[in-house]
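Before any comments, here is the structure.
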Amino acid sequence: MVVIVGSGAGGGILAMELALANIPVTIVEKGPFINVNDAFNCYDEFDEPIDLLKTTCLGGSTVVAAGNGVRVLEKELNNLGINISNELDEVEKLLSIHPMNDNCFGEGTRKIMDVANDLDLDVKKMPKFIRDNECIPCGHCSFGCLQNAKWSSIDFVRIAIDNGAKLLCNSEVVDIVIEDNKVKGVRVRKNHKDEDFKDGNFRDEDCKDESFKDEDFNTLIESDLVILAAGAIDSAILLQKIGIKAGEKLFIDSFVTIGGKLKNINFNKEIQMNALIKGRNFILSPHYAQFIANELKKEATDKKDILGIMIKIPDDNYGKIKDGKVIKENSIKDVRFIAEGSAIAGAILIEAGVDPNSIISTNLRGAHPGGTAAIGEIVNENLESEINGLFVSDASVLPKSPGAPPILTILALSKRLSKYIINNCSG
Ligand SMILES: Cc1cc2nc3c(=O)[nH]c(=O)nc-3n(C[C@H](O)[C@H](O)[C@H](O)COP(=O)(O)OP(=O)(O)OC[C@H]3O[C@@H](n4cnc5c(N)ncnc54)[C@H](O)[C@@H]3O)c2cc1C
1 MVVIVGSGAG GGILAMELAL ANIPVTIVEK GPFINVNDAF NCYDEFDEPI
51 DLLKTTCLGG STVVAAGNGV RVLEKELNNL GINISNELDE VEKLLSIHPM
101 NDNCFGEGTR KIMDVANDLD LDVKKMPKFI RDNECIPCGH CSFGCLQNAK
151 WSSIDFVRIA IDNGAKLLCN SEVVDIVIED NKVKGVRVRK NHKDEDFKDG
201 NFRDEDCKDE SFKDEDFNTL IESDLVILAA GAIDSAILLQ KIGIKAGEKL
251 FIDSFVTIGG KLKNINFNKE IQMNALIKGR NFILSPHYAQ FIANELKKEA
301 TDKKDILGIM IKIPDDNYGK IKDGKVIKEN SIKDVRFIAE GSAIAGAILI
351 EAGVDPNSII STNLRGAHPG GTAAIGEIVN ENLESEINGL FVSDASVLPK
401 SPGAPPILTI LALSKRLSKY IINNCSG
């Protein structure tokens, strides 16, 4: 039996692929069962110095994703001897990656794209995993989709369950058990009662294991094949507990959103990040930030009167995880890249009609933590750690900051790992 820790981008697809290959799988998920439109309740809290966005729930951060599906780090992984071209093709197909229909583009996004084109910038429609015919643009992607029109890892977990996988929600892996340098299982703590998180979309029994009682504190789930997919922060914390030097580096794809006043643009109701503008050292994308709305509200600006652009960079991996806490510093290069992107984003906004005196910025934030157990450093090219049978398959293993949406690459790496396990470890 394979134990998969976490049901987000890295874990969900592994569970599905292994279950489809008739390999017994148990998914252990720290967060609750949720309806995707409740995802905004599941954002984690972080200490003041870092503004990191991630969620703890079934599906992980995929449930709050903006639906952007781009290929990243293909070349860098190739340089490490890992060719994921086929797997990227396969996941693009699975998620039906496509630019959305013209009628899915609102006035704010169009204005930004037109101006960027006039300025001779590299502009295109963002490739998306949103189903056009089910989407009613509402600007809520990052709170969870109100119409369930967007792919999330929950879709794959569902298929895994239908093919025999076992799912334990509200169940946190707190330790990894090792004997003679081989993995033997995980220790699991129950966080809440399942009854607190009933969800009509799943059958009750899907999220329960009869042998696993609510009062159990430290249940051992035995397995000689464990895959950590708990995300870059939590996988690193678990690896550190067993003495592996993970979490000494961390990137977050740092970003800011700048925005200002443009009367009646109604951009807050548009599909977010529906265009991609590539700069030398950054990407730009139309983006409405609640932070800007809150700040401009103090000057009596309504949220329908705001236009904004996100500036995202491939940050240096000057972060770490120490004593369970996230520490992140920015290099002087990071500051330069953010400044370069902000200058161009500001020029676009002003040309699009935004009042220059109203333009403000969010704090520096991150939503793509990764690189804490990088390939070639903490795991090998098959994503196995120095402990036999202990694999890592999530954003932790990415070799560097992509500075762009990483889900497709995480999915492709996990799909590749599923093939390796099916071919080499299932006998
Ligand atoms: C607001 C927002 C929008 C985004 N939009 C996009 C986008 O449009 N496109 C894109 O490519 N990327 C996007 N991202 C980034 C993307 O969601 C993440 O990079 C990706 O989900 C990371 O995958 P992962 O498997 O590493 O972690 P996750 O998807 O976060 O999954 C980790 C899972 O492990 C669980 N877990 C944690 N600790 C434990 C434990 N000890 N025991 C058991 N379970 C545990 C968590 O609850 C979670 O379910 C976005 C992120 C955010 C926050």
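For what it's worth, this note's numbering labels the leading residue of the sequence shown as 1, then goes sequentially. A virtual CB, placed ideally from N, CA and C, is assigned to each residue, including glycine.
Here residue 390 is buried: its Cβ has 16 or more other Cβ atoms, across all protein chains shown, within 10 Å.
Separation of the CB atoms of residue 183 and residue 175 is rounded to 11 angstroms, and the pair is thereby denied contact status at 8 angstroms. Closest option to residue 326, judged by alpha-carbon separation, among 248, 392 and 350: 248. For residue 257, no alpha helix (DSSP H) encloses it; the enclosing beta strand (DSSP E) starts and ends at 255 to 261. The shortest C-alpha to C-alpha distance from residue 255 to any of 330, 274, 181 and 323 is the one to 330. About 5 angstroms separates the beta carbon of residue 284 from that of residue 309, a gap short enough to meet the 8 angstroms contact definition. Here residue 345 is near residue 311, since their CB atoms are less than 9 angstroms apart. Around the beta carbon of residue 300, a 10 Å sphere encloses fewer than 16 other beta carbons of the protein chains shown; the residue is thus reported as exposed. Secondary structure note for residue 394: it is in no beta strand (DSSP E), with a DSSP letter that is neither H nor E. Within the stretch 84 to 125, the runs of beta strand (DSSP E) that reach at least 3 residues and sit entirely inside it are, in chain order, 122 to 125. The beta strand (DSSP E) runs lying completely inside the stretch 321 to 351 and spanning 3 residues or more are 325 to 328, given in chain order. For residue 57, the distance from the CB to the nearest heavy atom of ligand 1 is below 8 angstroms.
Of the candidates 110, 144, 18 and 151, 144 places its Cα closest to the Cα of residue 54. With a cut-off of 8 angstroms, the C-beta of residue 54 is classified as near ligand 1, since at least one heavy atom of the ligand falls inside that distance. In the DSSP annotation of this structure, the continuous segment of the beta strand (DSSP E) that includes residue 25 starts and ends at 25 to 28. For residue 45, no beta strand (DSSP E) encloses it, and the DSSP letter there is neither H nor E. According to DSSP, residue pairing for residue 187 in a beta bridge involves 175 and 220.
Non-local C-beta neighbours of residue 173 in its own chain, meaning closer than 6 angstroms and more than five positions away in sequence, comprise 5, 28, 186 and 188, ordered along the chain.
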